[in-house]
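Under the UniProt record's numbering, think of the first position of the sequence shown as 1, with each following residue one higher.
Quick reminder that beta carbons are idealized off the backbone N, C-alpha and C, glycines included.
Remember, predicted model here, so these are calculated numbers, not experimental data.
Some notes on the structure that comes next.
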Amino acid sequence: MADRTVEVYRVQELESVLDSLYGTSVEGATERYANLINDFKNKYGVAPEFIGRSPGRVNIVGEHIDYEGYSVLPMAIRQDTIVAIGRASDLNVHVATLAPGLTEEEFTIDAERIGVALHTWVDYVKAAYIGVCKHLQRNSSTGLNLLIEGQVPQGSGLSSSAALVCATALAILGLLGETVLQAEVAQFTAECEKFVGTESGGMDQAISIMGELGKAKLVHFNPIRTEDAPLPKGASFVIANSLAVSKKAEGAARQYNMRVVECRLAAAVLGVKLGLEPDDVRAAQSKMLAGPKGSVTGAEAEVVKKYLDKEKYTQAELEQLLGVELEKMFEGNNNQLDELWPWCSGFNLRDRALHVYSEAARVVDFKAICDSEAKQDDEPKKLDKLATLMKQSHASCRYEYDCSCEELNHLVEASINAGALGSRLTGAGWGGCTVSLVPEGKVESFIAEVKQKYYMAKLEAKKLSQKDFKEDGKGGWEPVVGWKNVIFASPPGSGGAILDLTKFAS
Numbered sequence: 001m002a003d004r005t006v007e008v009y010r011v012q013e014l015e016s017v018l019d020s021l022y023g024t025s026v027e028g029a030t031e032r033y034a035n036l037i038n039d040f041k042n043k044y045g046v047a048p049e050f051i052g053r054s055p056g057r058v059n060i061v062g063e064h065i066d067y068e069g070y071s072v073l074p075m076a077i078r079q080d081t082i083v084a085i086g087r088a089s090d091l092n093v094h095v096a097t098l099a100p101g102l103t104e105e106e107f108t109i110d111a112e113r114i115g116v117a118l119h120t121w122v123d124y125v126k127a128a129y130i131g132v133c134k135h136l137q138r139n140s141s142t143g144l145n146l147l148i149e150g151q152v153p154q155g156s157g158l159s160s161s162a163a164l165v166c167a168t169a170l171a172i173l174g175l176l177g178e179t180v181l182q183a184e185v186a187q188f189t190a191e192c193e194k195f196v197g198t199e200s201g202g203m204d205q206a207i208s209i210m211g212e213l214g215k216a217k218l219v220h221f222n223p224i225r226t227e228d229a230p231l232p233k234g235a236s237f238v239i240a241n242s243l244a245v246s247k248k249a250e251g252a253a254r255q256y257n258m259r260v261v262e263c264r265l266a267a268a269v270l271g272v273k274l275g276l277e278p279d280d281v282r283a284a285q286s287k288m289l290a291g292p293k294g295s296v297t298g299a300e301a302e303v304v305k306k307y308l309d310k311e312k313y314t315q316a317e318l319e320q321l322l323g324v325e326l327e328k329m330f331e332g333n334n335n336q337l338d339e340l341w342p343w344c345s346g347f348n349l350r351d352r353a354l355h356v357y358s359e360a361a362r363v364v365d366f367k368a369i370c371d372s373e374a375k376q377d378d379e380p381k382k383l384d385k386l387a388t389l390m391k392q393s394h395a396s397c398r399y400e401y402d403c404s405c406e407e408l409n410h411l412v413e414a415s416i417n418a419g420a421l422g423s424r425l426t427g428a429g430w431g432g433c434t435v436s437l438v439p440e441g442k443v444e445s446f447i448a449e450v451k452q453k454y455y456m457a458k459l460e461a462k463k464l465s466q467k468d469f470k471e472d473g474k475g476g477w478e479p480v481v482g483w484k485n486v487i488f489a490s491p492p493g494s495g496g497a498i499l500d501l502t503k504f505a506s
């Protein structure tokens, strides 16, 4: 598709703009934005000049392969983060949030002097500011006031961190008067997450910025670009939070970043065993070995089984195979890897590589099924094929990539038993959410059954935290955040946008 600039809405009244952004999911949006504007006035004494908004996302298929250069198939969701911004009277960036229990902070506008290493929520705001400054090759000339409100549940696997980084970056770009391409913002915000210790592949930021109302997207990398993925009629995607929290930045060294390292090492070892020259091996180490433009033929799995013939490799074995110390292979990424080497007892290269290749093939197959011409009578068959791919994806995440957990596995099982055609974990894993393909006419009954078979059963067995629930006044229990934020059907939502409030009379 052609390069598109980030949409900037010149707001004179909220309703029509929000209708364009949220479509059928617009309920409550006007009040929410009006409250943010009023809260900003109360906090800083003046009205905000711009609002940046960027949504969370659900990945339908293609887990943990974006950072290997393979295409993925996500969609933006309705839940988003909105960031109001205005100029400050000093030379600091002042950051506040409407979320309870989170402290306010401020930091200098000099991007070179900002420290990001504390794993607090403001680190993501700092990362966004640094990313904007690096992209524009200049700092803001004035201080900034920011007020943030978010609806993407933290640690849910729906990419709350990317929504925060992207919305903050868009708010800053709006205030600085910059016109930017969507792909540019997606690229530099993906790099921002490295400042907080996570090796992001770029999927989360790409769909958060480039999503479109009513459309899933096939996202390609190097460079970032998207294609529409027309979802078949007759089914909805239902997202369910396992309530097992996966905070990616806090456990990055032992989970997410470990998988990145294992995949890079798998590519390097395959390169050596296939007889590549040293320079080619170093190039291969940056992503999994693939055919042209990441094509997948099925032969890759046989190569993996033949040449990655050990269940686990030690650091010493890999250094002997590759002829280089591992720390030197990953120079420049020391902030991600410092804690990894002492902790790691071995590297499971074979299973990680098998997941990457099989998952990449599932994305290709999923898109082909979506694109295929079908008579109305054939739609159920298409849905069954997509559901099978989702089930296979979860099994691969569970057994080969080892990024699932007990709660996610139980939730997938409960979802299938409740009538889902297919179900899988979505996001980084180790907690967070599932996404299920559910026949359109059965969404309400499906949600009701999952509430009983997973949430109430887990609560009764004391396998979910009591603090996450409250009495519902009817003799039962409900999540503190409400059922609509724990399990919900979501049509594909719109991507990031900037709201110019300079002509808005609130």
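Beta bridge counterpart(s) of residue i as assigned by DSSP
| i | result |
| --- | --- |
| valine 61 | Leu73 |
| cysteine 397 | DSSP output for cysteine 397 lists no bridge partner at all. |
| cysteine 433 | Asn241 and Thr426 |
| tyrosine 9 | Leu499 |
| glutamate 478 | Lys470 |
| isoleucine 85 | Phe50 and Leu146 |
| lysine 484 | Note: lysine 484 sits in no beta bridge, so no partner. |
| aspartate 19 | In the DSSP output, where bridge partners are listed per residue, aspartate 19 has none listed. |
| valine 438 | Ser236 |
| asparagine 92 | Thr108 |
| alanine 489 | Val238 |
| phenylalanine 330 | Its beta-bridge partners do not exist; DSSP assigns none. |
| tyrosine 313 | Phe347 |
| histidine 220 | Arg225 |
| glutamate 460 | For glutamate 460, which the question treats as bridged, DSSP gives no partner whatsoever. |
| threonine 97 | Ile148 |
Sub-8 Å separation of residue i and residue j beta-carbons
| i | j | result |
| --- | --- | --- |
| glutamate 319 | arginine 350 | no |
| isoleucine 487 | valine 435 | no |
| alanine 229 | valine 438 | no |
| valine 72 | leucine 146 | no |
| valine 196 | tyrosine 256 | no |
| lysine 453 | alanine 414 | yes |
| glutamine 205 | alanine 162 | yes |
| serine 200 | glycine 431 | no |
| valine 116 | alanine 128 | no |
| glycine 52 | alanine 88 | no |
| leucine 175 | isoleucine 85 | yes |
| residue 514 | valine 26 | Only positions 1 to 506 of the chain appear in the structure, and residue 514 is not among them; the question remains open. |
| leucine 213 | cysteine 370 | no |
| methionine 203 | proline 74 | yes |
| phenylalanine 347 | leucine 270 | no |
| serine 159 | arginine 32 | no |
| threonine 24 | proline 492 | no |
Contact belief for residue i with residue j at Cβ below 8 Å, rounded distance in angstroms
| i | j | result |
| --- | --- | --- |
| glycine 157 | alanine 428 | 6 Å |
| residue 547 | serine 396 | For residue 547 there is no data in the structure shown, the boundaries of the chain being 1 and 506. |
| serine 393 | glutamate 359 | 6 Å |
| valine 304 | tyrosine 357 | 7 Å |
| asparagine 408 | leucine 386 | It is worth fixing the name first, because residue 408 is leucine in this sequence and not asparagine. Their Cβ separation, rounded to whole angstroms, is 20 Å, which puts leucine 408 and leucine 386 out of contact at 8 Å. |
| isoleucine 498 | leucine 181 | That pair is no contact at about 13 Å. |
Residue i versus residue j: straight-line alpha-carbon distance, rounded
| i | j | result |
| --- | --- | --- |
| lysine 41 | alanine 47 | 5 Å |
| alanine 290 | glycine 275 | Low per-residue confidence applies at alanine 290: pLDDT is 49, beneath 50, and the placement is therefore not dependable, though the value from the model is reported in the following sentence. The alpha-carbon atoms of alanine 290 and glycine 275 are separated by roughly 15 Å. |
| phenylalanine 50 | glycine 495 | 17 Å |
| lysine 293 | glutamate 317 | Residue confidence is low: lysine 293 scores 42 on pLDDT, short of 50, so the model does not pin down where it sits. No coordinate-derived value is stated. |
| valine 364 | lysine 391 | 16 Å |
| threonine 388 | asparagine 417 | 15 Å |
| asparagine 59 | arginine 225 | 16 Å |
| alanine 240 | lysine 458 | 14 Å |
| arginine 113 | glutamine 137 | 15 Å |
| alanine 267 | glycine 69 | 12 Å |
| alanine 76 | glutamine 151 | 13 Å |
| threonine 502 | glutamate 104 | 25 Å |
| glutamine 154 | tryptophan 121 | 10 Å |
| glycine 211 | serine 372 | 22 Å |
| aspartate 309 | glutamate 262 | 15 Å |
| leucine 464 | arginine 352 | 30 Å |
| glycine 45 | cysteine 192 | 31 Å |
| serine 140 | valine 260 | 34 Å |
| glutamate 227 | glutamate 149 | 30 Å |
| leucine 36 | serine 208 | 21 Å |
C-beta neighbour in chain C for residue i, strict 8 Å
| i | result |
| --- | --- |
| valine 481 | In summary, chain C is missing from the structure at hand, where a single protein chain is found. |
TODO: Give a yes or no on contact between the region 473–485 and the region 7–24, applying the rule of three or more CB pairs nearer than 8 Å.
DONE: In the pairwise beta carbon analysis, the region 473–485 is classified as not touching the region 7–24: fewer than three pairs are separated by under 8 Å.
Open item on the list: If contact is defined by three or more beta carbon pairs under 8 Å, each pair taking one atom from either stretch, is the region 398–416 in contact with the region 50–69?
Closed with: Yes, they touch.
Open item on the list: Would you call the region 159–175 in contact with the region 128–135, where contact means no fewer than 3 C-beta pairs closer than 8 Å?
Closed with: With the cut-off at 8 Å, the region 159–175 and the region 128–135 touch.
TODO: Determine contact between the region 379–391 and the region 206–221, defined as no fewer than three beta-carbon pairs at a distance below 8 Å.
DONE: Using a C-beta cut-off of 8 Å, the region 379–391 makes no contact with the region 206–221, since fewer than three inter-stretch Cβ pairs fall below that distance.
Open item on the list: Using a Cβ distance threshold of 8 Å, determine whether the region 183–195 contacts the region 99–112, with at least three qualifying pairs required.
Closed with: Taking a contact to require three or more Cβ pairs closer than 8 Å, the region 183–195 and the region 99–112 do not qualify as touching.
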